[in-house]
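Data first, discussion second: the structure below is written as structure tokens.
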Amino acid sequence: MAPLALAALGVVFGDIGTSPLYALQTVFSADHNAVAPDAPDVYGILSLVFWSVTLVVSVKYVAFVMRADNDGEGGILALVALLRHTMANKPRRLAVATLLGITGAALFYGDSVITPAISVMSAIEGLALVNPDAEELVVPASIAVLTVLFAAQRWGTEKVGRAFGPVMVVWFGVLGVLGLPAIVAHPTIVQAFLPWYAVEFIVERPFIAFIAMGAIVLTITGAEALYADMGHFGARPIRLSWFFVVFPCLMLNYLGQGATIINDPSTIDSPFFHLAPSWARLPLVILATLATVIASQAVISGAFSVSQQATRLGFLPRLHVKHTSEVEGGQIYIGSINWMLYVGVVVLVLAFGSSVHLANAYGLAVTGTLILTTALFLLLAKEVWGWPLWRLVAIAVVIGGLEMIYFAANVIKIPSGGWLPLLIGATLLLVMTTWRDGSAEVARRRAVLEGPLEDFIAEITASGIPRVPGVSVYPHPDRQTVPLALKENVDYNQVLHETIVIVSIVNEPVPHIRHIDRARANDLGSADDGIVYLEYHVGFNDTQDVPRAVYWGSGLVPELLLDPDEARYFLSVVRLQHDGPWRPWEWRRRLFMALNSVAARRTGIFHLPPDRTVVIGSQMEF
Numbered sequence: 001m002a003p004l005a006l007a008a009l010g011v012v013f014g015d016i017g018t019s020p021l022y023a024l025q026t027v028f029s030a031d032h033n034a035v036a037p038d039a040p041d042v043y044g045i046l047s048l049v050f051w052s053v054t055l056v057v058s059v060k061y062v063a064f065v066m067r068a069d070n071d072g073e074g075g076i077l078a079l080v081a082l083l084r085h086t087m088a089n090k091p092r093r094l095a096v097a098t099l100l101g102i103t104g105a106a107l108f109y110g111d112s113v114i115t116p117a118i119s120v121m122s123a124i125e126g127l128a129l130v131n132p133d134a135e136e137l138v139v140p141a142s143i144a145v146l147t148v149l150f151a152a153q154r155w156g157t158e159k160v161g162r163a164f165g166p167v168m169v170v171w172f173g174v175l176g177v178l179g180l181p182a183i184v185a186h187p188t189i190v191q192a193f194l195p196w197y198a199v200e201f202i203v204e205r206p207f208i209a210f211i212a213m214g215a216i217v218l219t220i221t222g223a224e225a226l227y228a229d230m231g232h233f234g235a236r237p238i239r240l241s242w243f244f245v246v247f248p249c250l251m252l253n254y255l256g257q258g259a260t261i262i263n264d265p266s267t268i269d270s271p272f273f274h275l276a277p278s279w280a281r282l283p284l285v286i287l288a289t290l291a292t293v294i295a296s297q298a299v300i301s302g303a304f305s306v307s308q309q310a311t312r313l314g315f316l317p318r319l320h321v322k323h324t325s326e327v328e329g330g331q332i333y334i335g336s337i338n339w340m341l342y343v344g345v346v347v348l349v350l351a352f353g354s355s356v357h358l359a360n361a362y363g364l365a366v367t368g369t370l371i372l373t374t375a376l377f378l379l380l381a382k383e384v385w386g387w388p389l390w391r392l393v394a395i396a397v398v399i400g401g402l403e404m405i406y407f408a409a410n411v412i413k414i415p416s417g418g419w420l421p422l423l424i425g426a427t428l429l430l431v432m433t434t435w436r437d438g439s440a441e442v443a444r445r446r447a448v449l450e451g452p453l454e455d456f457i458a459e460i461t462a463s464g465i466p467r468v469p470g471v472s473v474y475p476h477p478d479r480q481t482v483p484l485a486l487k488e489n490v491d492y493n494q495v496l497h498e499t500i501v502i503v504s505i506v507n508e509p510v511p512h513i514r515h516i517d518r519a520r521a522n523d524l525g526s527a528d529d530g531i532v533y534l535e536y537h538v539g540f541n542d543t544q545d546v547p548r549a550v551y552w553g554s555g556l557v558p559e560l561l562l563d564p565d566e567a568r569y570f571l572s573v574v575r576l577q578h579d580g581p582w583r584p585w586e587w588r589r590r591l592f593m594a595l596n597s598v599a600a601r602r603t604g605i606f607h608l609p610p611d612r613t614v615v616i617g618s619q620m621e622f
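For the sequence shown, the positions run 1 to 622 when the numbering used here is used.
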């Protein structure tokens, strides 16, 4: 458990662990310093922070949601996959769950753009306390750090990841140590853990409390990572790290910041850095920058994983995925996603200029994802686990109600930056639904173009078409229709290979499938026609390797006793075209064709050898 718990510290808790850099600073600067830096308001804020983190992170995610694992994996799309497993006979509810899932994934991309920008900027802004003239360096220094971070993604995080755990151990230790002196100087601050301070603050100053809730949500950013990264480390190491290291150190630091603000209200401009003595602020800026880079790394890696899952579930076009580790299948790099995130992050840094301004854009993406995860979890608990109604209602009222307040408090920030995650989420949701609907329509039209496979086999058997030595492999999505490349090859060359293998890559809604369980062969009813259908089942974290599918399928039926290295691969391609001018209401078709044109080539996705692959296709009016 110890090595896994240490590794979890370095990856899982980077985002939530760097929240003390900017969370309380944002609370006391919200709405032109509406929250007063005096004892009643500080106690109320700290009480809200403690109970928010306790209910949302400790209770919801650590105690409940992490129990909903999909073959050990977590994340909102894995949660959708669990529901798709068990709700196939309830299409309406399944459609709602799928829409909630892809909406949550779309909002996660908004979080993936904002987190690196606000985290790195908040750390580097500590330079202004060391030297006020250094404030002008915040934006260029942030862009420089982020550029190095994104440029390094192509080499993967395997080697760097070994240093993440120790760095974050130091970081959390520093968080606790910084908070202790201020707590000792003002010991009554620990009373802020009592819930009635939060209740009193809400009752006496409801509007101010509502405004503050829009910033307090920043203390739980990164909570989704506890669930999303569960497959890398397991639930138990994450729970151990949270309860024994992260949670106590965070609370010590927040209490210390609150005590510092009460003793000196002028420290609200940067309460975190004011915890440290002046001689320690420059080293603290360096350590904080390292911690925020790690937090950014975690969310970028999460975006890669979400993109791969979305592609496998049919919500995004094919992406070129590069595996950066020979040991960990989850360590991947997607260049197109990486550089789109980089451009978005740089634009945000230049447009907002400070972490305080950018914080206005942060809350909606986080709260939206929190609410969607709660909704999907409650649906799973009802449909799959059969939880009693009273338990579901209790969670919905206490935790769901709290998250709805967070969301409502962030809605009022839409004009000042909250529109940004909504725009990103809406754009990604449009892309995902357009690709899903367009792919379904293309699949229907293609099935008509290809024709039934059984009729084709009967026709070539009766015609006595010549067979030549060799093995031909045809990747194809199903066994109902004829691979277009096979049909065109017969029509043009009037000849077939002795052994024909039709391979379907079947994407299962689980993270991994064991190699020995992946291949399933079928001779399509005749043992001597030389035609074999091979299914190769993969999880959404497995590679879609067609040559490996042929290798594992060898020997399953007598006809498939072959050498995969001697096979020739014939890939079917349908090129979409549109004749005539585009009409205004056809904009989604136009978007789908644009997405289709930039999709990764299947020769790379299927790991087909270039020197033994032939691409044969046709055109389709769309």
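Cβ coordinates follow ideal geometry from the N, Cα and C atoms, glycine included.
query                                                                                                               : result
Beta-carbon proximity of residue 510 to residue 86, cut-off 7 Å                                                     : no
Secondary structure of residue 275, DSSP reduced to three states                                                    : coil
Option nearest residue 184 by Cα separation, candidates 260, 518, 600 and 313                                       : 260
Nearest residue (CA-CA) to residue 553, options 522, 583 and 32                                                     : 522
Cβ neighbour criterion (16 or more within 10 Å) applied to residue 580                                              : exposed
Other residues of its chain near residue 61: CB distance less than 7 Å, five sequence neighbours each side excluded : 223, 226 and 227
Cα-Cα separation between residue 483 and residue 502, rounded to whole angstroms                                    : 8 Å
Under the three-state DSSP convention, the category residue 165 falls into                                          : helix
Cα-Cα separation, residue 20 to residue 387                                                                         : 36 Å
Spatially closest choice to residue 118 from 592, 401 and 353, by CA coordinates                                    : 353
At least three beta-carbon pairs within less than 8 Å, the region 282 to 295 to the region 209 to 216               : no
Test item: CB-CB of residue 365 and residue 9 under 7 Å                                                             : no
Residues that DSSP places opposite residue 544 in a beta bridge                                                     : Paired residue(s): none; residue 544 is not in a bridge.
Residue burial classification, residue 116 (beta-carbon count within 10 angstroms, cutoff 16)                       : buried
Paired residues, beta bridge with residue 234 - DSSP                                                                : Looking at the DSSP assignment, residue 234 forms no beta bridge with any residue, so it has no partner.
Nearest neighbour of residue 374, chosen from 363, 403, 279 and 125 [CA to CA]                                      : 403
Limits of the alpha helix (DSSP H) - the one that residue 13 falls within                                           : First-last for residue 13: undefined, no H or E at that position.
Separation of residue 26 from residue 356, as counted between CA atoms                                              : 6 Å
Given residue 195 as reference, the closest of 230, 74, 67 and 43 once Cα atoms are compared                        : 43
Burial state of residue 1, where buried means 16 or more other Cβ atoms lie within 10 Å                             : exposed
Closest Cα partner of residue 477 within the set 457, 246 and 535                                                   : 535
C-alpha distance - residue 36 paired with residue 266, whole-angstrom precision                                     : 11 Å
Three-state secondary structure (DSSP) of residue 37                                                                : coil
Close beta carbons around residue 659, own chain, < 7 Å, minus the five adjacent residues each side                 : The question about residue 659 has no answer here: the residues shown for the chain are numbered 1 through 622.
Beta-carbon gap between residue 52 and residue 220 smaller than 7 Å                                                 : yes
8 Å Cβ shell around residue 150 - same chain, five flanking residues per side excluded                              : 300, 338, 339, 341, 342 and 345
Proximity below 7 Å, CB of residue 623 to CB of residue 6                                                           : Any question about residue 623 goes unanswered here, given that the chain covers just 1 to 622.
Whether residue 361 touches residue 14 by CB criterion (7 Å)                                                        : no
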